[in-house]
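Numbering (the numbering used here), first residue to last: 237 to 661.
All residues carry an ideal CB built from backbone N, CA and C; glycine is no exception.
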Amino acid sequence: MSKKYKKWEKLDNTAKVFPVIATDEMTNTYRISVVLNERVDGEVLQQALNMVLPKMPGFNMRLRTGFFWYYLEENGKPAPKVFEEKDYPCRRIYAQKNNSYLFRVTYYKTRINLEVFHVLADGMGGIGFLRELTYQYLRLKHSELSDVTANRLSDETSLNREDSYISNYNKASKSVYASKKAFLIKGDKLPYNGFGVIQGLLPVSQLKDVSRNKYGVSINEYLISAFVYATYRTYRRMISEEKPIRVAIPVNMRPFFDSNTTKNFFVMISAEFAPRNKEYTFEEIVAVIHESIQSQMKKEHLEAIFSYNVSNEQHIAARSVPLFLKNIGIKVVYTRAALANTTTITNIGNITVKEEYEPYIKMFHSFLSFSKGQELKGTITSYKDTLAYTFTSSFEDTTVQRRVFQQIAQDGVEVQIETNGVYYE
């Protein structure tokens with residue numbers, strides 16, 4: 237009997253970094269969670285995962301090591317075990333203990349958590365998988381939903397696995413990266429490799445009014461400015477033109493290139509604030525951040541960022557270098573880029589679900605694991621009129637996070653704070 241052929245695929249340009257740099261402290265794992273209006277049944281959630289996973293080929297993968305590159309191969313093993321969350325989030329995913337899968341599903345009270353090793357997909361891909369898992373779970377729990385889509389994937393879910401970096405890069409692009417070091421936040425760490433989460437729940441309607449009508453900027457620019465201002469106030473004497481606050485911002489490239497891939501397809505821009513020996517008001521910092529972001533949000537500039545990376549990858553000499561030598565170069569380049577930013581703040585965007593499922597879903601939120609030099613990070617996620625601005629940190633001190641939400645509250649936005657309890661232990 238012939239051996240069954242397993243599907244395989246190359247890693248996209250961004251994904252090639254993550255297996256090289258992943259460690260227990262720098263897991264390159266992100267989380268997206270959905271909060272239901274009812275307690276989660278773990279057995280039913282496992283059943284839902286068992287049903288959905290075979291339909292989602294982008295997640296039914298395991299990581300393999302080749303001579304020149306890592307690659308993904310069809311997994312086919314039983315779905316990983318769903319379990320109740322009892323540890324810190326975004327821990328490293330050990331594939332050999334997880335049926336070779338590169339994601340995990342946990343639950344806690346009313347919350348379902350999806351954690352993904354970034355090699356599989358970016359946040360857009362993760363949202364698609366979590367949404368389908370949630371739909372299937374709710375159909376199994378509620379008979380009135382059982383025939384909604386006859387247990388098929390919804391029309392809004394893409395199964396496209398195109399490498400959109402390769403499809404859209406410009407061979408003539410030159411490097412647009414700046415390698416100047418940024419101010420890095422440092423401090424005493426939480427004990428036992430602690431993972432602190434502080435989350436502000438904010439009404440989208442109020443944020444929209446304040447950001448647009450008071451400051452003339454987008455919600456995203458306003459929230460990033462609040463972080464920059466809080467950091468500036470906290471570490472003013474340590475920040476300068478030579479060591480500016482620089483916030484890395486992932487930009488989803490799908491709208492720019494009409495892509496619906498479930499692989500990674502984003503680039504990083506940086507919003508920079510470099511003070512010049514004077515006091516800055518919040519309004520002044522908002523203006524600086526707005527200008528910094530808008531100057532980079534042009535298709536040609538964004539295209540040049542990923543095109544330069546892809547062009548290097550496509551170079552014949554680079555393709556012939558053995559993997560262990562490539563890994564050395566990747567680590568050097570990654571370290572230089574990581575230390576050029578104070579933090580990363582990513583906006584997952586507004587998550588929508590089909591109307592029939594809305595009564596069962598309260599909200600979504602997400603957050604990032606730490607990376608080199610960046611042990612305080614932020615994520616922005618919204619659902620209906622609730623926006624979750626979530627900070628993850630390895631530091632005991634929470635001054636920056638508190639000042640972010642103080643500024644937002646001073647602007648008249650109602651702020652509801654949630655934490656994972658680490659700071660009160």
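In the DSSP assignment, H601 is bridged to S269.
With respect to L247, W305 sits close: the two C-beta atoms are nearer than 8 Å. Excluding its 5 nearest sequence neighbours in each direction, K590 has C-beta neighbours in its own chain below 8 Å: Y371, V384, S390 and E392, listed in chain order. Judged by their CB atoms, V651 and G432 are not nearer to each other than the 8 Å cut-off.
Annotation: the segment 496-534 contains the following complete segments of the beta strand (DSSP E) (minimum length 3 residues), in chain order: 502-509. For P255, the enclosing alpha helix (DSSP H) starts and ends at F254 to I257. Residue pairing by DSSP places Q610 opposite S607 in a beta bridge. Looking at the DSSP output, T579 sits in a beta bridge with V483. Selection V276, A331, N563 and E321 evaluated against T263 yields A331 as nearest (Cα-Cα). Within the same chain, and ignoring the five residues on either side of P558 in sequence, the residues whose Cβ sits closer than 7 Å to its Cβ are F303 and F304. According to the DSSP assignment, K567 belongs to the alpha helix (DSSP H) that extends over L559 to A574. For L437, there is no enclosing alpha helix (DSSP H); the residue is part of the beta strand (DSSP E) that begins and ends at G432 to P439.
About 7 Å separates the Cβ atoms of T470 and R639, confirming a contact at the 8 Å cut-off. Apart from the 5 residues on each side of it in sequence, E310 sits with its Cβ closer than 6 Å to the Cβ of K242 and K243 in its chain, given in chain order. At the C-beta level, Y373 and A251 stay beyond 8 Å of one another.
Listed in chain order, the beta strand (DSSP E) runs fully inside the segment 304-380 are 306-310, 339-344 and 347-353, counting runs of at least 3 residues. Here the segment 438-458 makes no contact with the segment 339-356; the two share fewer than three CB pairs at distances below 8 Å. With 16 or more other Cβ atoms from the protein chains shown falling within 10 Å of its own Cβ, I268 counts as buried.
Shortest Cα-Cα distance from I653 to any of E632, T622, G312 and Q282 involves T622.
For M297, there is no enclosing alpha helix (DSSP H); the enclosing beta strand (DSSP E) has its first and last residue at M297 to T301. For the pair M297 and L356, the CB atoms are nearer than the 8 Å cut-off.
With respect to F254, F353 sits close: the two C-beta atoms are nearer than 8 Å. DSSP links Y465 through a beta bridge to no other residue.
Less than 8 Å divides the Cβ of I597 from the Cβ of L272. Relative to the Cα of E527, the nearest Cα in the group S454, G430 and A624 belongs to S454.
Less than 8 Å divides the Cβ of L420 from the Cβ of G609. Taking C-beta separations shorter than 7 Å and ignoring five residues to either side along the sequence, the partners of P314 in its chain run N335, following chain order.
Three or more Cβ pairs closer than 8 Å define a contact, and the segment 612-620 falls short of that threshold against the segment 510-521. In the structure shown, F419 falls within a coil segment according to DSSP collapsed to helix, strand and coil. Partner residues in a beta bridge of Q643, as assigned by DSSP, do not exist. Sequence-distant partners of R490 (beyond 5 residues in either direction) whose C-beta falls short of 8 Å from its own C-beta, in its chain, are M360, S400, N496, T497 and F501.
For N488, DSSP records a beta bridge to F502.
About 4 Å separates the beta carbon of F631 from that of G423, a gap short enough to meet the 8 Å contact definition. S400: member of the alpha helix (DSSP H) spanning S400 to N404, first to last residue.
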